[in-house]
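Chains as they are written, first to last, in full-length UniProt numbering: chain R, 1 to 189; chain G, 1 to 189.
Beta carbons: idealized from backbone N, C-alpha and C, even for Gly.
Since we're looking at a predicted model, the values are computed, not measured.
Data first, discussion second: the structure below is written as structure tokens.
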DNA sequence: CGGTTTGCCTAAATGGATTAGGAAGTTACA
DNA sequence: TGTAACTTCCTAATCCATTTAGGCAAACCG
């Protein structure tokens, strides 16, 4: 019997690739076993169950995005940082649609807290340092930025902007401009 | 044999209720059959397949939201309209989480075009009449508003804002304020 | 009232998720 | 090097959802 060399690590990585190829919904324990040319039951030594697999893929995606965002923000500030940050999410979603979908897989509170989620919030907050907003407005702005990035990328991925002018890239650029302007002129209570 | 009186209409409506109760992911043809105390195969006279069921629930949700949005916009304009519009989505998502999830179920282009999707875009555009933006900025703004509403509500539904201060309602109010301000001071190219 | 349509059925094939238990491969250590 | 302990992967079985084919009975329509 030749061993396939399965590890949780490799399975999750392969699961993420599978998600990008066929969609996160189609990621099943069975499909993953087929990809490793191994019986389904073998995976259950490395994964608790199907949900565990999906959760791990989600955590991988969140961590990858946070890594890229952190790199993109290094040495940038203000509008430059804002644009680079936003592009990280958009580019990631375009390059890795399955992983991006995975990143929205519902996590239980404990898992979410231990995920890269808080890092995302920290990074968003770092951008806002260039805009000098007092609390609690800073928190509102963090939530706004998160909503816009996530919302835009989701709608774009769903094809929402595909079949009408102007093209999506142009809107994206202008929306980043608009957000920059908004943050520089954040309305007082 | 007493007939159960199944129709596509009733099945979809019950499917939507089921989605709100147990989550859209858990809506299956089997669960629906159980709810009507009927054999699974019987549903296939009324539904093409499982995907058809989900698509129909999605269309129902999109139409319901568009109806509510249209009603909310009647007689309002400017910031008043903006706030009311945004609240429709938020309230709908809170009251009908399963249906709201359903509304993001991927539709093929033909179905999407025949859905209430375009009506949503029209309604968003109606709000912007109060802000006097020239094209193509109006389109960018439509996309921004759609992104914020969708993004915020998604993140909120996923519990993103649940465990930190300030509370979500306050952020939401301030974000609507901020968007109003942005639309009134939309930056030139 | 007889024929047709419709609504729901039984039956069966397919495929994913999951568990129990076993055998082959690997490692550690005497 | 021999062997015990552990790890990895397997067979086999169960359960549940999806989907299709074909049939009987109820409802409707002339």
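Between the beta-carbon of residue i and the beta-carbon of residue j, is there less than 8 Å?
i: residue 105(G); j: residue 55(G); result: yes
i: residue 186(G); j: residue 178(R); result: yes
i: residue 206(R); j: residue 117(R); result: Nothing about residue 206(R) can be read from this structure; chain R reaches only from 1 to 189.
i: residue 38(R); j: residue 6(R); result: yes
i: residue 148(R); j: residue 175(R); result: yes
i: residue 14(G); j: residue 32(G); result: yes
i: residue 182(G); j: residue 181(R); result: yes
i: residue 93(G); j: residue 40(G); result: no
i: residue 8(R); j: residue 47(R); result: yes
i: residue 36(G); j: residue 16(G); result: no
The alpha helix (DSSP H) that contains residue i, what's its start and end?
i: residue 150(R); result: 137-157
i: residue 97(G); result: 97-102
i: residue 173(R); result: 168-184
i: residue 124(R); result: 117-128
i: residue 69(R); result: 50-73
i: residue 164(R); result: Here residue 164(R) belongs to no alpha helix (DSSP H), and DSSP marks it neither H nor E.
i: residue 6(R); result: Where residue 6(R) is concerned, there is no enclosing alpha helix (DSSP H), given that its DSSP letter is neither H nor E.
i: residue 111(R); result: 109-114
i: residue 76(G); result: Run containing residue 76(G): none; DSSP gives neither H nor E here.
i: residue 34(G); result: 29-35
i: residue 42(R); result: 40-43
Classify residue i: buried if its beta carbon has 16 or more other beta carbons within 10 angstroms, exposed otherwise.
i: residue 45(R); result: exposed
i: residue 77(G); result: exposed
i: residue 151(R); result: buried
i: residue 75(R); result: exposed
i: residue 200(G); result: Past the edges of chain G, shown from 1 to 189, lies residue 200(G), and the structure says nothing about it.
i: residue 103(R); result: buried
i: residue 99(G); result: buried
Do the stretch 140-148 of chain R and the stretch 105-117 of chain G meet, that is, are 3 or more Cβ pairs less than 8 Å apart?
-> no
Would you say the stretch 44-58 of chain R touches the stretch 20-33 of chain R, given that touching needs at least three Cβ pairs under 8 Å?
-> yes
Is the stretch 119-138 of chain G touching the stretch 66-84 of chain R in the sense that three or more CB pairs, one from each, lie closer than 8 Å?
-> no
For the stretch 159-169 of chain G against the stretch 158-173 of chain R, are there 3 or more C-beta pairs whose distance is under 8 Å?
-> no
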